[in-house]
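Here the protein sequences line up with chains Y and E, keeping their order. Take 19 as the starting number for the first sequence in my numbering and just add one per residue. Take 19 as the starting number for the second sequence in my numbering and just add one per residue. Glycine included, each C-beta is placed from N, C-alpha and C at the ideal position. Predicted, not measured: the structure shown is a model, and the values here were computed from it. Before any comments, here is the structure.
2 protein chains.
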Amino acid sequence: MADKTPYQSADKSIDVTALGNAIVDVIARSDDGFLGEHGIEKGAMNLIDAERAEFLYDHMGPGLEMSGGSAGNTITGVAQLGSSGAYIGKVHDDTLGKVFRHDIQASGVRFDTVAASDGPPTARCLIMVTPDAQRSMNTYLGACVDLGPEDVDGDVIAASKVVYLEGYLWDPPRAKEAFTKAASIAHATGGKVSLTLSDSFCVDRHRVEFRELVKHHVDILFANEDELKSLFEVSSFDEAMQQLRWECDVAAVTRGDRGSVVMVKDEVHFHDAEAAEKVIDTTGAGDLYAAGFLHAYCQDLDPALWGRYGGIAAAEVISHYGARPETDLKTLVAEKLG
Amino acid sequence: MADKTPYQSADKSIDVTALGNAIVDVIARSDDGFLGEHGIEKGAMNLIDAERAEFLYDHMGPGLEMSGGSAGNTITGVAQLGSSGAYIGKVHDDTLGKVFRHDIQASGVRFDTVAASDGPPTARCLIMVTPDAQRSMNTYLGACVDLGPEDVDGDVIAASKVVYLEGYLWDPPRAKEAFTKAASIAHATGGKVSLTLSDSFCVDRHRVEFRELVKHHVDILFANEDELKSLFEVSSFDEAMQQLRWECDVAAVTRGDRGSVVMVKDEVHFHDAEAAEKVIDTTGAGDLYAAGFLHAYCQDLDPALWGRYGGIAAAEVISHYGARPETDLKTLVAEKLG
Chain Y
19 MADKTPYQSA DKSIDVTALG NAIVDVIARS DDGFLGEHGI EKGAMNLIDA
69 ERAEFLYDHM GPGLEMSGGS AGNTITGVAQ LGSSGAYIGK VHDDTLGKVF
119 RHDIQASGVR FDTVAASDGP PTARCLIMVT PDAQRSMNTY LGACVDLGPE
169 DVDGDVIAAS KVVYLEGYLW DPPRAKEAFT KAASIAHATG GKVSLTLSDS
219 FCVDRHRVEF RELVKHHVDI LFANEDELKS LFEVSSFDEA MQQLRWECDV
269 AAVTRGDRGS VVMVKDEVHF HDAEAAEKVI DTTGAGDLYA AGFLHAYCQD
319 LDPALWGRYG GIAAAEVISH YGARPETDLK TLVAEKLG
Chain E
19 MADKTPYQSA DKSIDVTALG NAIVDVIARS DDGFLGEHGI EKGAMNLIDA
69 ERAEFLYDHM GPGLEMSGGS AGNTITGVAQ LGSSGAYIGK VHDDTLGKVF
119 RHDIQASGVR FDTVAASDGP PTARCLIMVT PDAQRSMNTY LGACVDLGPE
169 DVDGDVIAAS KVVYLEGYLW DPPRAKEAFT KAASIAHATG GKVSLTLSDS
219 FCVDRHRVEF RELVKHHVDI LFANEDELKS LFEVSSFDEA MQQLRWECDV
269 AAVTRGDRGS VVMVKDEVHF HDAEAAEKVI DTTGAGDLYA AGFLHAYCQD
319 LDPALWGRYG GIAAAEVISH YGARPETDLK TLVAEKLG
């Protein structure tokens, strides 16, 4: 296979390249009443159109804007921890697009995807955080719908140890082609393909394709308990785990305050949740878990540590509003793991 | 696993034979103040002598007497679920000894061990149950100290699919010889040897021997999280599980309200705790988990069910005072598993 690729693969100079919907988050506190009144599915990522985005924005409380997007959050975490990262995603050449680019590059992530100069504006996600720290997301995909295989730089993929893809990429029309292209270049050049199932509603929308992917194309899977149950349409955690077993070389399944289970071929690790001082906003918990995990994976640390790095990064991000860390993750990990 | 278990089924007319300290429980409600005042280690099994037994009995509140003993609780559960069981343990030929014999036989368990006609009286365990449902046990071993290899009927062992042994047997002087005899007959006749680590303080007393046993002689291990950490002298659940991995063909590790993990060679099952209506007294939780598990194991049910049977039986016994079920376990399992 390797000899057929037109890409140079000898040098894996990038640890992780992430492919995702490039989104700016607008975070506001909310209550359950607001969610009910406006028909927002709690805890889910709700896809909305431009008109509804405007309507909800007009009605929601004061917001905190920050760069987000699931894979974007992950790759900035990866970079903060000291691994090298690149990002592929579509913004518009507008103010929010510039904010997104500034933030991700300022985190040390390589981000070369050309901004769209026409078409819809940069994507935004209106996130309502209820007092129980749950986040309900309302995503207007905007410019993300323009992401396609032409945005995937084969040399960047070929230079990456891991290509990380978010399940949300199945929502816009052509991103899955980008996804497929990236995955096949990764495999052809000795890289690993990693997928996060994103959320259980996303799994519900794309179950058949996700099952096929997990079985045949994914080396490293990230999922939470609900996503996994949805994927296999079973009601118990154990049934889901039995179905997953042996389908991917590596799988990390998170369970909120019950910690995570990491399977590496016939090795299984059981991690308690890392202590979080407080739980303010669970946005980004899964994204940062993946960040810590992938960093530890790419640095060839002991597999017993992969989930611990993930748990530590996740515990940081849920202790404040927003899906990007506020504490230096490198220092935090050093403190926790000595 | 289920399809490959090499039972010499023609000869194996008994599902489980349990070997344990034959003890009558005296259960009383208590508070933390009482424990502190009398130097009783909370949550542990404290070994006491005749004099202290009398002293504590005089000072504790009104008691509820019932047959107990860890392996005794397990084997009555096994029998209630419909498997055949036998018990080996030493009582004195006194009133409590007759009570113990009556109760275990009335549960359908074969119990042939000859009662001691002299020496110390039947063992008793003074159990203080605090409002947090924790039990603190004070065991006067009495007649149990007379249990020895002469009490092990080789034909009964040879006829058993599983010989189940409690770690507490390491406390009286000669019971371990009985244990060793039973284990070697079991293995010589194609039976399985199962051990429960009993409690973390017990593990602390006998760590070196338990490590050797687990590594070389035990086919089916029962332990809770604390016992396992104590066994391997590690601080995290994951480290303990990594050490345990591959040491026994089958291992069931309970985690209280966090459920249990069952390892069957390279199969791993993850069970949530079964819902308990209320938690009154956790005495016997581990014993009944083992009962449900061993029943399902001996009936060649799918390994995914072994831990579920265990969890259901454990949830029953913690919902009331005492370590023997009050609800018919067979009916309960049928209700829960359909």
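When the Cβ atoms of the segment 91-103 of chain E are set against those of the segment 305-325 of chain E, are three or more pairs found closer than 8 angstroms? yes
Going by C-alpha distance, which of Y:ASP275, Y:HIS234 and Y:ALA134 is nearest LEU262 of chain Y? Y:HIS234
Can you pull the chain Y neighbours of PHE288 of chain E, defined as C-beta to C-beta under 8 angstroms? PHE255, ASP256, MET259 and VAL279
Please name the residue or residues paired with ASP43 of chain E in a DSSP beta bridge. E:MET84 and E:CYS143
Roughly how many angstroms lie between the CA atoms of VAL96 of chain E and GLU69 of chain E, to the nearest whole one? 35 angstroms
At which residue ranges does the segment 105-191 of chain E contain complete beta strand (DSSP E) runs of 3 or more residues, listed in the order of the chain? 141-147, 153-158 and 178-184
Quick check: the Cα distance between ALA151 of chain E and PHE52 of chain E, rounded to an integer number of angstroms? 15 angstroms
Contact check, THR148 of chain Y vs ILE66 of chain Y under 8 angstroms by CB: the rounded distance? That belief does not hold up - the Cβ atoms of THR148 of chain Y and ILE66 of chain Y are roughly 18 angstroms apart, past 8 angstroms.
Between ALA331 of chain E and chain Y, is there a C-beta pair that is closer than 9 angstroms? no
SER212 of chain Y: buried (16+ other C-beta within 10 angstroms of its C-beta) or exposed? buried
Does DSSP put VAL221 of chain E in a helix, a strand or coil? helix
Use the C-beta contact count for VAL170 of chain Y: other C-beta atoms within 10 angstroms, 16 or more gives buried, fewer gives exposed. buried
Beta carbon of ALA141 of chain E nearer than 9 angstroms to that of ASN39 of chain E: yes
So is ASP112 of chain E in contact with chain Y if we call contact Cβ pairs under 9 angstroms? no
Beta strand (DSSP E) segments (min. 3 residues) lying fully within the segment 227-301 of chain E: 238-242, 268-272, 278-282 and 285-289
Enclosing alpha helix (DSSP H) for LYS60 of chain Y [first to last residue]: Unbroken run through LYS60 of chain Y: none, as it is neither H nor E.
Using the C-alpha atoms, what's the distance from ILE238 of chain E back to GLU285 of chain E? 14 angstroms
Endpoints, alpha helix (DSSP H) assigned at LEU347 of chain Y: 347-355
Span separating the alpha-carbon of GLY166 of chain Y from that of GLY115 of chain Y: 17 angstroms
Any C-beta of chain Y within less than 7 angstroms: which residues of the segment 296-325 of chain E qualify? ALA322
Do you know how far the Cα of ILE41 of chain Y is from the Cα of ALA177 of chain Y? 25 angstroms
Give a yes or no on whether 9 angstroms exceeds the smallest Cβ distance from ASP267 of chain E to chain Y. no
Length of the line joining the Cα atoms of ALA36 of chain Y and ALA341 of chain E: 54 angstroms
Runs of alpha helix (DSSP H) wholly within the segment 313-343 of chain E (minimum 4 residues, chain order): 321-335
Report the neighbours of ARG47 of chain E on chain Y: residues whose CB is nearer than 7 angstroms to its CB, in chain order. Result: empty, since nearest Cβ-Cβ is about 31 angstroms, beyond 7 angstroms.
Three-state secondary structure (DSSP) of LYS199 of chain E: helix
With 16 other CB atoms within 10 Å as the buried threshold, where does ASP275 of chain Y fall? exposed
Please list the partners that ASP284 of chain Y has in chain E, where partner means a Cβ-to-Cβ separation under 7 angstroms. ASP284
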